[in-house]
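There are 2 protein chains.
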Amino acid sequence: MNKPLSLSFASEALSEQDLTTLAKLRKQAAADIITSTTISTCGHPGGSLSCLEALVMLYATTNTNPQAPLDPKRDRIIVSNGHITPGVYAVLAAFGFDDRDSFLAHFRHAGSRFGGHVENHVPGVEWNTGNLGQGLSAGTASALAAKLAGNDSKAYVLMGDGEHQKGQISEARRFAVKFKLSNLCALVDLNRLQIGGKTDDVMPTPIAEEYRAAGWNVIELDGHDFKALYGALRKFSLGHVAQPDRPTVLILDTVMGKSVSFMENEHVYHGTTPTKALAQKAFVELGGEDRIDALEAMRKAKSGAEAAPPKRPHFSGPALTVPPAKTYTDKTDNRSAYGNVMKDLAVANNPAGQVPKVLAISCDLEGSVKLSDFKKASPHAFIEAGIQEHHAAAFAGRLSNEGFTVFWSTFGAFAGCEAYNQERLSDYNDATVKVVATHCGLDVGEDGPTHQAIDYISLFSNFFHFEIFVPCDPNQTDRIIRYVAQSKKPAFVAMGRSKIDIVKKPDGTPHWSDDKPFVPGGYDTLREGADGSIIVTGTLTSEAVKAHDKILAESGKRYAVYAVGSLKPFPNAVVREAAKTGKIITLEDHHRDTGLGRIVATVMADEGVHAKLLRLGVAHYSSSGAPADLFRDAGLDAAGVTKAALAF
Amino acid sequence: MNKPLSLSFASEALSEQDLTTLAKLRKQAAADIITSTTISTCGHPGGSLSCLEALVMLYATTNTNPQAPLDPKRDRIIVSNGHITPGVYAVLAAFGFDDRDSFLAHFRHAGSRFGGHVENHVPGVEWNTGNLGQGLSAGTASALAAKLAGNDSKAYVLMGDGEHQKGQISEARRFAVKFKLSNLCALVDLNRLQIGGKTDDVMPTPIAEEYRAAGWNVIELDGHDFKALYGALRKFSLGHVAQPDRPTVLILDTVMGKSVSFMENEHVYHGTTPTKALAQKAFVELGGEDRIDALEAMRKAKSGAEAAPPKRPHFSGPALTVPPAKTYTDKTDNRSAYGNVMKDLAVANNPAGQVPKVLAISCDLEGSVKLSDFKKASPHAFIEAGIQEHHAAAFAGRLSNEGFTVFWSTFGAFAGCEAYNQERLSDYNDATVKVVATHCGLDVGEDGPTHQAIDYISLFSNFFHFEIFVPCDPNQTDRIIRYVAQSKKPAFVAMGRSKIDIVKKPDGTPHWSDDKPFVPGGYDTLREGADGSIIVTGTLTSEAVKAHDKILAESGKRYAVYAVGSLKPFPNAVVREAAKTGKIITLEDHHRDTGLGRIVATVMADEGVHAKLLRLGVAHYSSSGAPADLFRDAGLDAAGVTKAALAF
């Protein structure tokens, strides 16, 4: 099916025929909103109706194609107020993106692809939203991606007004101005109602003033007037705005529940659905057909196109040239090793004057996260997002699904703790972003407990797609980063701040020194031993090796030392191997109850592997001081591990 | 020691003598900034110097008292740009709040109380910050607390300019206007530099315009001019502002590194400290004494008042009247049971016309989280914070340390996932807030995976203070909420959305029906059995009981069923008990790898308790549909558990 209406902006105004078609499309979609929500008995009809003209007009005027919904040069329509699925799915069905009856029958039906919030199982949906305030960040990613790729596609972001209470929107707004995203158009459904009642009562938000203060082009119009919508979108599209190098927002004066008398301006219809009797009344008003009984029968029979299971489109970055591994022999910080790989990647993949393949994002910590060489090598591929981690995380996630390999780096306390929910949404969007967090653990040292991220393994273990790596020294860091650069999966890589010892073989040569690619789910035997085992991850690995020596010197006992840089997937085999020694000590610069130790314990219990277990990690808030002192105070340095082992 | 200067706003202008004293105080503090950061070799001198006049003037003009730093009627000074500890600690020492030499010698010294970011170990510090963008939210809590308590104390929040990139500030700004916080004064240190260089390059932020758009009183002034500072603070304090029912911001035009020639306007001094040679140059310029060698000797010797270990002030809410427990016999949702307790608490503790004791905060979900009856019973104790979870979480945390018992409720996806880092900071501030999250797990149903919080146990397990409760039915909910209302600890309580069966004894009476108070760290034996055990938490508890019956009917095997509503502290004894049956199944509406199952596994491994373990929980993203269907699809209903048990 082709689109029922495809408008260019060649003419200044809509024809009468266009208006008739638009009205017809709007009417059918409105009836479909009533039908779908009546059948599902839950959902959000009110906002779906208030921004329905905008939705219809967007699909009519943009370069969007049901035959090629992922055409790289398409315009992107991102729905940030993700709860208005009835409206979005109705319009997508009307424009041929998906099957209308399947939607109507199976909206919010377990196992179907027509969920309660927009999801890209449904062709035409660009980004899964639902948690409010994130869509504009995704839109900036699509807009910037188009600019980077040198194509003239545009990004449209539909948002609610209540949603504008979310602070992340102010971050995205600022970012869009800094990066001159003239190809970004936000549309705000100003229906003045939210779940709790009038927006002015719940939380007064001067939306237009906020956009003006941020420096956007602001156009206010009647959101139910197709002519006004066409005119405003045309102005944006042709750059006929006051500041042509700035983004534009259309503020749509609308009515919740528009065109259904009993719903209009009633905030309960934000999230309440009509009874069948009221639905019939609505059909009469709208001139729609009541097909509820037949569709309910379809729902019961689970028939229709819903049989196809929900499945996301496939995303991946471009094929990269990844130069061979480097080997460090002297004390180095993992983050410098990371920075050096990033420089290699920039030189190999981002020649000046071409579309870059690898992008790196910083949040005012370019130097700390060691991205300065990357930036120097390919300034056109470096993005400084400011102290705006919520925005940066969502932006990075979306950007990674726009044809680039995307790295985002900041401190662990911000990449994990602060932006957790944005990472969660990226995971659910099958983003391929690589989040590389530096300054994790007590190793952040003097910045103190507010900055000591001791939960990074725990946090990213909640996601179904992210891999988690915690490199054990700069050489393993080098190899892990080269792996994640080529991987199609999202990855979280956690490292500390300090220069740390190189992990070496008993013969004194670096443990990781060859060109063998890093394999997720593996582990390394650093020292052999039969009297006990230490399983260690990350910053403290060389302390574990020193503890091996100390334990041997002080007691004659040999503890095996196993390094695990891959926390997810986790090498269960290391636990079986370590358990053979009868005693396992886990060691991590992480909360002792939520990281490596707990994973090892779980493998033991799951697999019935028996051994004595001692989990060493951070057991209470630390203080502000030199990392070595903090590790000593927490009993996590070689001396502490030795003491614990001897008492074990 | 009394304050060296205590100014009222009775006179219109400062006297020459005042100016001399202020200049002297400023000079000493500036030298102390140089001394402390030179000794620590790390820290943030640049911003400390740019807002030093503001700090001195604040402690000189406010109702702050080193003899009674926690006087309830004091003015609150919250430092949101928490990295400027050198300036804050220098001024606090000058005003008699702490020992000057201890600070100078032990700044950023492991184990001392003088950390890299402000912490309330040091008297005079109100709120631990460091993660930027949270202080204004804390300030709104102090300001609103004063209004609620009917005293005229004021809240001052010092902030950086780079910090203003954080979206949370826009949320707090809106909140302050809605609640007419005329007693709130923000001071912005506009030095135009941040770590990465010029703020205008890193992320242009029209700070004054943003405050104006939000409706604040905006006063712009020279931040190094004591006369101007006095005048502006006087205007605020006396209400001589354009909009007397609105909050006020002072935008301070300042110079990073002010008064030390080599530091002025050099962004590297945001986070770089002077060498000893440069420090000497600074002392010459400032007229300060070089005592570095003597103080370094103190540091090495660990001598001075630093010996007192870091210790927070004690916080707790007021003593509450908690009416006796209710017992439900029919299917009820846990959140309604919660709402009913909240109503009881309101009626018993919040009589009209008096200062309320229990406060409840909603984020546009008052009806969903069942706080409407609370609001009806005590409208003066209900706070609607809008769709602003980052702000609400930080606000709620701070408010709980201002003499109230504070409940904050929203969906699990927002209370946990979205506001995780704000909760983390509340935990580190020893906040006593009760976060009650509804709509957790797959039980949120049709709202789909973006709303399905399956990580709440995992998230709050990372905190050292929060207790975690996941009630197993409405009767246990009732008892848990009555417990947390009286507890001095922060608590996270997670519940689902649906009406669920009452957990009953074999004789058909409700399992939880007496007046025995809930005890954290306990568990309940719901069914006896010797062939295996099910340990269950939360929403799925009645499914576990049904599974007991089904397993018995289908195989003749008796599975014991243990309900655990207390996840932290966790009742390790339940694992030992369950292990006696040889087989343990854990069941939870939570990610299977990060919740109850993993805790049980850890207890097994820690304690050497052996049994076969099967962890049932959410193993992949679910879909949008009725909770019963989602549980069925995930194998978590009685049928699924039975099937798993029979195959186990």
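Respectively, the protein sequence lines represent chains A and B.
Going by our numbering, the residue at position 578 of the first sequence is 578; the numbering climbs one at a time, nothing skipped.
Going by our numbering, the residue at position 65 of the second sequence is 65; the numbering climbs one at a time, nothing skipped.
Backbone N, C-alpha and C fix where the C-beta goes; we use that ideal spot for every residue, glycine too.
These figures come from a predicted structure and were not determined experimentally.
(request) Using beta-carbon positions only, say whether L399/B and L359/B come within less than 8 Å of one another. (result) Looking up residue 399/B in the second sequence gives position 399. Looking up residue 359/B in the second sequence gives position 359. Against a cut-off of 8 Å, the Cβ pair of L359/B and L399/B comes out as a contact.
(request) Verify the CB distance criterion: does G496/A have a CB-CB separation below 8 Å to chain B? (result) Here residue 496/A corresponds to residue number 496 of the first sequence, with the count starting at 1. So, not an interface residue.
(message) Between V322/B and A485/B, how many whole angstroms is the CB-CB distance? I'm expecting something under 8 Å.
(response) Start at 1 with the first residue of the second sequence, and residue 322/B comes out as number 322. Start at 1 with the first residue of the second sequence, and residue 485/B comes out as number 485. The Cβ separation is near 6 Å, so the contact holds.
(message) I'd like the span of the beta strand (DSSP E) that includes G160/A, first residue to last.
(response) The residue labelled residue 160/A in the question sits at position 160 within the first sequence. Start and end: A155 to G160.
(request) Spatial neighbours of G271/A within its chain, please: CB distance less than 7 Å, with the 5 preceding and 5 following residues excluded, ordered by chain position. (result) Here residue 271/A corresponds to residue number 271 of the first sequence, with the count starting at 1. Excluding residues within five positions, the ones whose Cβ falls inside 7 Å are H44 and I195.
(message) Can you tell me whether K166/A is buried or exposed? The criterion is at least 16 other CB atoms within 10 Å of its CB, across all chains shown.
(response) Numbered from its first residue, the first sequence carries residue 166/A at position 166. By the 10 Å Cβ count, K166/A comes out buried.
(request) Helix, strand or coil for G441/A, going by three-state DSSP, please let me know. (result) On the first sequence, position 441 is the one that residue 441/A refers to. Coil, per DSSP.
(message) Against Q168/A, what residues of chain B qualify as contacts under a CB-to-CB distance less than 7 Å, listed in chain order?
(response) Position 168 of the first sequence, counting from 1, holds the residue named residue 168/A. Correct list: G167.
(message) Please report the straight-line C-alpha distance between A54/A and H224/A, rounded to a whole angstrom.
(response) Here residue 54/A refers to the residue found at position 54 when the first sequence is read from its first residue. Here residue 224/A refers to the residue found at position 224 when the first sequence is read from its first residue. Whole-angstrom Cα-Cα distance: 8 Å.
(request) In angstroms with no decimal places, state the Cα-to-Cα distance between E210/A and D71/A. (result) Locating residue 210/A in the first sequence gives position 210, counting from the first residue. Locating residue 71/A in the first sequence gives position 71, counting from the first residue. Whole-angstrom Cα-Cα distance: 34 Å.
(request) Drop a sphere of 10 angstroms on the beta-carbon of S8/A, count the other beta-carbons inside from all chains shown, and report buried for 16 or more, exposed for fewer. (result) Taking the first residue of the first sequence as position 1, residue 8/A is located at position 8. Exposed is the call here.
(request) Mark P86/B as exposed unless 16 or more other C-beta atoms lie within 10 angstroms of its C-beta, in which case mark it buried. (result) Indexing the second sequence from 1 puts residue 86/B at position 86. Per the 10 Å Cβ criterion, buried.
(request) Check distances from the C-beta atoms of the segment 6 to 38 of chain B to those of chain A and list, in chain order, the residues that come in under 8 Å. (result) none
(message) I'd like to know if M203/A contacts chain B, where contact means its C-beta is closer than 8 Å to some C-beta of that chain.
(response) Locating residue 203/A in the first sequence gives position 203, counting from the first residue. Yes - at least one Cβ of chain B is within 8 Å of the one on M203/A.
(message) Our contact map puts I457/B next to H590/B with C-beta atoms below 8 Å; I'd like the distance itself, whole angstroms only.
(response) Position 457 of the second sequence holds residue 457/B. Position 590 of the second sequence holds residue 590/B. 6 Å between Cβ atoms; contact.
(message) Can you list, in chain order, the residues of its chain with a C-beta nearer than 7 Å to that of V433/A? Leave out the 5 residues immediately preceding and following it.
(response) Your numbering for residue 433/A matches position 433 in the first sequence. Around V433/A: A396, G397, S400, V406, W408, S426 and P490.
(request) Residues of the segment 354 to 365 of chain A with a CB closer than 7 Å to any CB of chain B: list them in chain order, please. (result) D364 and L365
(request) Would you kindly work out how many angstroms separate the C-alpha atoms of K180/A and P247/A, rounded to a whole number? (result) Here residue 180/A corresponds to residue number 180 of the first sequence, with the count starting at 1. Here residue 247/A corresponds to residue number 247 of the first sequence, with the count starting at 1. For K180/A and P247/A, the distance between alpha carbons rounds to 7 Å.
(request) Please look up how many angstroms separate the CB atoms of V574/B and I535/B, rounded, as I've assumed it's under 8 Å. (result) Stepping through the second sequence from its first residue, residue 574/B is reached at position 574. Stepping through the second sequence from its first residue, residue 535/B is reached at position 535. Indeed, because the Cβ distance is near 6 Å, the residues count as touching under 8 Å.
(request) Could you spell out the range, first to last residue, of the beta strand (DSSP E) harbouring H590/B? (result) Locating residue 590/B in the second sequence gives position 590, where the first residue counts as 1. K583 to H591 is the span of the beta strand (DSSP E), which, as asked, contains H590/B.
(request) State yes or no: is the beta carbon of F464/A nearer than 8 Å to at least one beta carbon in chain B? (result) Translated into the one-based positions of the first sequence, residue 464/A becomes position 464. Taking Cβ atoms only, chain B reaches closer than 8 Å to F464/A, which makes this a yes.
(request) Return yes when the Cβ of G416/B is within less than 8 Å of the Cβ of A385/B, no when it is not. (result) By 1-based counting over the second sequence, the position of residue 385/B is 385. By 1-based counting over the second sequence, the position of residue 416/B is 416. For A385/B and G416/B, no; Cβs fall outside 8 Å.
(message) Quick check on DSSP: helix, strand or coil for G47/A?
(response) Within the first sequence, the letter at position 47 stands for residue 47/A. Looking at G47/A - three-state DSSP - the assignment turns out to be helix.
(request) Could you list which residues in chain A have their beta carbon closer than 9 Å to that of R576/B, in chain order? (result) Taking the first residue of the second sequence as position 1, residue 576/B is located at position 576. Correct list: empty, because the minimum Cβ distance to chain A is about 13 Å.
(request) Label H164/B either buried or exposed according to how many other C-beta atoms from any shown protein chain fall within 10 Å of its C-beta, with 16 as the threshold for buried. (result) For the purposes of this step, residue 164/B is identified with residue 164 of the second sequence, where counting begins at 1. The residue is buried, with at least 16 neighbouring Cβ atoms inside 10 Å.
(message) Which residues does DSSP list as the beta-bridge partners of W408/B?
(response) In the second sequence, counting from the first residue as 1, residue 408/B sits at position 408. W408/B pairs with I361/B and V435/B.
(message) Taking the straight line between their C-alpha atoms, what separation do you get for R113/A and D633/B?
(response) In the first sequence, the residue the question calls residue 113/A occupies position 113. In the second sequence, the residue the question calls residue 633/B occupies position 633. Spanning the two alpha carbons is a distance of roughly 15 Å.
(request) Go ahead and label A394/B buried or exposed: buried means 16 or more other beta carbons lie within 10 angstroms of its beta carbon, across all protein chains shown. (result) Taking the second sequence and counting its residues from 1, the one referred to as residue 394/B is at position 394. Buried, because 16 or more other Cβ atoms sit within 10 Å of the Cβ of A394/B.
(message) Less than 7 Å separating the Cβ of A437/B from some heavy atom of the ligand ADP?
(response) For the structure depicted, the ligand ADP is absent and the ligand set is empty, with no information on it obtainable.
(request) To the nearest angstrom, report how far apart E119/A and V641/B are at their CA atoms. (result) As a position in the first sequence, residue 119/A is number 119, starting the count at 1. As a position in the second sequence, residue 641/B is number 641, starting the count at 1. Rounded to whole angstroms, E119/A to V641/B spans 30 Å at the Cα level.
(message) When you compare the CB of P86/A with every CB in chain B, is at least one pair closer than 8 Å?
(response) One-based indexing of the first sequence puts residue 86/A at position 86. No, P86/A lies away from the interface with chain B (no Cβ there is under 8 Å from its Cβ).
(message) Among A90/A, P627/A and A30/A, whose alpha-carbon lies nearest the alpha-carbon of K281/A?
(response) Along the first sequence, read from residue 1 onward, the residue named residue 281/A stands at position 281. Closest by alpha carbon: A30/A.
(message) Just to confirm the assignment, what range does the beta strand (DSSP E) spanning G532/B have?
(response) What you label residue 532/B is simply residue 532 of the second sequence in a count that begins at 1. First-last of the beta strand (DSSP E) with G532/B: G532 to V536.
(message) For a quick check, are the C-beta atoms of T649/A and G162/A less than 8 Å apart?
(response) Because chain A spans 1 through 648 in this model, residue 649/A falls outside it and cannot be assessed.
(request) Give the straight-line distance between the Cα atoms of G287/A and R26/A, rounded to the nearest whole angstrom. (result) Counting from one through the first sequence, the residue named residue 287/A turns up at place 287. Counting from one through the first sequence, the residue named residue 26/A turns up at place 26. For G287/A and R26/A, the distance between alpha carbons rounds to 11 Å.
(request) Compare the Cα-Cα distances from K3/A to each of D245/A, T62/A and P569/A and report the closest residue. (result) If you number the first sequence from 1, residue 3/A lands on position 3. When only C-alpha atoms are compared, the closest one is T62/A.
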